[in-house]
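Let me begin by presenting the structure, written as structure tokens, before commenting on it.
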Ligand SMILES: C[S@@+](CC[C@H](N)C(=O)[O-])C[C@H]1O[C@@H](n2cnc3c(N)ncnc32)[C@H](O)[C@@H]1O
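Numbering (the UniProt record's numbering), first residue to last: 1 to 295.
Written out as structure tokens, the structure is:
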């Protein structure tokens, strides 16, 4: 159904072109139920603005008609929903955004590879446009470069936003975005054309990107991960949902695997299979090998 048809089909129903409390609440509920994302009162203006932008692009000016279109499902409703999500998610990210956490992953991989654990599966959960996943891949590739023998590793990036995943797959960034990447790594892992930098195939071949809603983890065949890196996604969820999601991530971590969250994203979290490591500035755990030890 097109935007115009959606308006016509909603004839007779309550319509409004004003984002009133009723509209706010129903969009709030829909988004939280489907994605876990909370639009609190403080984020009301952001929600309204995102909806308006998408509705203008789709040629709809009535919030209720647009809501009806999106929840109607089917091919058109589902496609529109996917597009809308891209307007409403915060996709801010940077290469090596959290240097302490990246350092921890580097040390972990070094230790694991020293003891012969491979291949190594790394997962960037909520990877946005891919910078985090490529940063993790560069860490592993750099360790490999200095090692006497090459270790096998793969990095999976997942995100709810299809356009973000498309950009991640392209691996093409404005040159300015590479500022946090040390110059030696820029030279080794990127090709330049004008103001664009593209990830080289030698690095890109270690990565794969998939659209995945973390509320639908059961549909994803992602298990046996050695590193799960999930930063700046949980902050948008309620605390009970953060706990549920992290519990589900633990199930996908291999024994001895490393789980990294953003600082302050789930302080005080405990799990019988995990041992907390890291410092105040870095929230990380190792999955136990057996009941008692991490060996
Ligand atoms: C602020 S970005 C964080 C990017 C990266 N992890 C970082 O720390 O730089 C948050 C990402 O989470 C994604 N996201 C939000 N809700 C999601 C969900 N339910 N499932 C999967 N990804 C989600 C958004 O699309 C966005 O790209």
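Just so you know, even glycine gets a beta-carbon here, dropped at the ideal spot from N, CA and C.
Ligand 1 never approaches residue 122 closely enough for any of its heavy atoms to be under 7 Å from the residue's Cβ.
With a beta-carbon spacing of about 5 Å, residue 226 and residue 120 fall inside the 8 Å limit used to define contacts. Remark: the C-beta of residue 135 is outside contact range of ligand 1, defined as less than 7 Å to any heavy atom. By the criterion of at least three beta-carbon pairs nearer than 8 Å, the region 243-263 is not in contact with the region 189-198. Counting only unbroken stretches of 4 or more residues, the alpha helix (DSSP H) elements lying wholly within the region 129-176 are 131-146, 162-170, in sequence order. Going by DSSP, residue 236 is part of no alpha helix (DSSP H) at all; its letter is neither H nor E. Membership of residue 229 in the beta strand (DSSP E) is indicated by the continuous run 225-230. Where residue 21 is concerned, the enclosing alpha helix (DSSP H) starts and stops at 21-35. No Cβ-Cβ contact shorter than 8 Å links residue 123 with residue 151.
From the listed residues 75, 81, 57, 74, the smallest Cα separation to residue 67 is found for 81. Secondary structure at residue 243: helix, using DSSP grouped into helix, strand and coil. Residue 192 and residue 38 do not touch by the CB rule: their CB atoms are close to 40 Å apart, not below 8 Å.
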